[in-house]
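Numbering (the numbering used here), first residue to last: 1 to 187.
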């Protein structure tokens, strides 16, 4: 009873902090997105060897503690160690890298099949939409077989991290889905 009451109070009280995982293959733009949201500017980044953690407030009454976890092959095997307690996922895809779409689909499927993430909302960020030949969000949803993933609510958003295009829309969508997820968990 006490746990249920504390969750209800958390939902309707002031600013709440939520653990969000930012995942995706290496060079998809995860760290660029994180610091564009945090600092509102584009910063030079280097490949993330482990993880970065930053706090951002995408909209009123919610704060995301975003865990940007490296996407190199060796690090991906460790992603599962970060799943516990996650209430949302930002999965970043390089929309211009068509050669790695199969690999992206495999990794996303592996993440969404993990039992600790059942029901956790996902925003797929189809990044680098400014590049020639980038796959659009609708086509990307098909390529990643998102329509087959029914255990997790999801949305796809086209973005350009360096310009900031689409980032705030993606975060607002995630915030709404996270609040709905928390509401479902109370019952």
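A virtual CB, placed ideally from N, CA and C, is assigned to each residue, including glycine. Just so it is clear, the structure is predicted and the values come from calculations on it, not from any experiment.
Expected contact under 8 angstroms - CB spacing of residue i and residue j to nearest Å
{"i": "residue 141", "j": "residue 156", "result": "5 angstroms"}
{"i": "residue 52", "j": "residue 34", "result": "6 angstroms"}
{"i": "residue 167", "j": "residue 60", "result": "That pair is no contact at about 17 angstroms."}
{"i": "residue 48", "j": "residue 24", "result": "That pair is no contact at about 11 angstroms."}
{"i": "residue 105", "j": "residue 143", "result": "7 angstroms"}
Whether residue i touches residue j by CB criterion (8 angstroms)
{"i": "residue 171", "j": "residue 153", "result": "no"}
{"i": "residue 67", "j": "residue 22", "result": "yes"}
{"i": "residue 17", "j": "residue 65", "result": "yes"}
{"i": "residue 123", "j": "residue 174", "result": "yes"}
Residue i - DSSP class collapsed to helix/strand/coil
{"i": "residue 21", "result": "strand"}
{"i": "residue 26", "result": "coil"}
{"i": "residue 164", "result": "coil"}
{"i": "residue 46", "result": "coil"}
Original post:
Is the region 107-116 close to the region 156-168, with three or more CB pairs under 8 angstroms?
Top reply: Segments in contact, no.
Original post:
Does the count of Cβ pairs from the region 87-96 and the region 36-55 closer than 8 angstroms reach three?
Top reply: With a cut-off of 8 angstroms, the region 36-55 and the region 87-96 do not count as touching, because too few Cβ pairs lie within range.
Subject >> Segments assigned alpha helix (DSSP H), at least 4 residues, entirely inside the region 55-135 >> reply: Listed in chain order, the complete alpha helix (DSSP H) runs (minimum 4 residues) inside the region 55-135 are 73-76 and 101-112.
Original post:
With contact counted as at least three CB pairs below 8 angstroms, one residue from each stretch, are the region 120-138 and the region 27-35 in contact?
Top reply: Contact holds: three or more Cβ-Cβ distances are below 8 angstroms.
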